[in-house]
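Trainee:
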Amino acid sequence: MCYNVYMIVLERVTKRYGKADETPALDNVDLNINPREMVVIVGSSGSGKSTLLKMITREELPDEGKITVGGIDYDTLAKKHIPHLRRRIGVVFQDFKLLPDRTVYENVAFALEIAGHTNAETQNIVPRVLDLVGLLDKMNKLPAQLSGGEKQRVAIARSVARQPRILIADEPTGNLDNKNTWEIVDLVKKINDLGTTVLFTTHNLEIVHRLNARTVRIEDGKIVADVPRGKVVK
Ligand code: ADP
């Protein structure tokens, strides 16, 4: 698979969780995201941000429309290839989802083991990603011994260890104080600069300004604004 075709394309995607006559969670959405692009997705609670992300990770299927990610047409994707697709997409959440009884090192190593990496590869990769997120000195700590920002950095290390083409950060700063928020925002920017496509959802306009990226606004399941990088988002 060629790196530069790693686009995300949604064409007229509609998703309904309820009956056909209810307002859809996503309503006829068209969206193209280029490889290495950073896109911030904003919108109030219930507007459809998570549903949009779930279309891309294939956690949910659309009722109508077409989704292609990295040249893979989701309509024809065989079940056995879904794990391969998921390895190409890293996801971090507001609530970190770390394994509480494993150390920082083990949390990252475990993700690599399930993805089929050898012990030698794991031993090589884990220190490098912990260095990237600034947590080498905490590798033997348990999650409970870390601050919220540090936990999120472990979650990011775990996601990027598998070198995904796309990183989805779903409100990654939702549980963090200001200082930790900016650290995570800057880390995600760095990961984007290293070549990973990033989708970042947030409610926080200050974060939108700091990220200075293309910003897509969703309201009632529809894309109502798509503001290019460098333009002020209001
Ligand atoms: P956001 O991430 O912007 O808060 P969501 O994508 O979670 O928005 O939700 C969009 C709409 O879909 C909301 O009306 C929400 O209640 C509904 N919804 C989301 N997930 C489900 C689900 N699993 N079952 C039923 N309705 C859902």
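Quick note on the working numbering: the sequence shown kicks off at 1 and runs consecutively.
No residue lacks a Cβ here, since even glycine has one placed at the ideal position from N, Cα and C.
What does DSSP give as the partner residue(s) for Lys66 in the beta ladder?
Mentor: Glu11
Trainee: Please identify the residue among Ala161, Leu194, His203, Glu113 whose C-alpha is closest to the C-alpha of Ile218.
Mentor: His203
Trainee: What would DSSP say about Glu60, mapped onto helix, strand or coil?
Mentor: coil
Trainee: How should Gly71 be labelled, buried or exposed, when 16 other C-beta atoms within 10 angstroms of its C-beta is the threshold for buried?
Mentor: In summary, Gly71 is exposed, with fewer than 16 beta-carbon neighbours lying within 10 Å of its beta-carbon over all protein chains present.
Trainee: Report yes if the CB atom of Pro172 is closer than 8 Å to the CB atom of Pro143, and no otherwise.
Mentor: Contact flag unset, no.
Trainee: Is the Cβ-Cβ distance between Ala161 and Val108 less than 8 Å?
Mentor: yes
Trainee: According to DSSP, is Val216 helix, strand or coil?
Mentor: strand
Trainee: Could you check if Val39 is buried or exposed, using at least 16 other CB atoms within 10 Å of its CB as the buried criterion?
Mentor: With a 10 Å radius around the Cβ and a threshold of 16 neighbouring Cβ atoms, Val39 comes out buried.
Trainee: I think Ile41 touches Leu52, with their Cβ atoms under 8 Å apart; what is that distance to the nearest whole Å?
Mentor: Between Ile41 and Leu52 a beta carbon distance of about 7 Å is seen, short of the 8 Å cut, so the two are scored as contacting.
Trainee: Give the C-beta separation of Lys141 and Thr103 to the nearest angstrom, bearing in mind that I take them to be a contact with Cβ-Cβ under 8 Å.
Mentor: 6 Å
Trainee: So is the beta-carbon of Lys49 under 7 Å away from any non-hydrogen atom of the ligand ADP?
Mentor: yes
Trainee: Taking the straight line between their C-alpha atoms, what separation do you get for Phe96 and Glu113?
Mentor: 19 Å
Trainee: Grab the span of the alpha helix (DSSP H) containing Asp137 for me, first residue to last.
Mentor: Premise fails: Asp137 is in no alpha helix (DSSP H) and is neither H nor E.
Trainee: List the DSSP bridge partners of Leu112.
Mentor: Leu112 pairs with nothing; no bridge assigned.
Trainee: Pull up the distance between the alpha-carbon of Val126 and that of Gln163, whole angstroms please.
Mentor: So the alpha carbons of these two residues sit roughly 12 Å apart.
Trainee: Please state whether the Cβ-Cβ distance between Ile89 and Ile166 is less than 8 Å.
Mentor: yes
Trainee: Is there contact here, the segment 14–23 with the segment 45–63, by at least three beta-carbon pairs under 8 Å?
Mentor: yes
Trainee: Put Asn28 into one of helix, strand or coil per three-state DSSP.
Mentor: Strand, per DSSP.
Trainee: Are the CB atoms of Val185 and Leu211 within a distance shorter than 8 Å?
Mentor: yes
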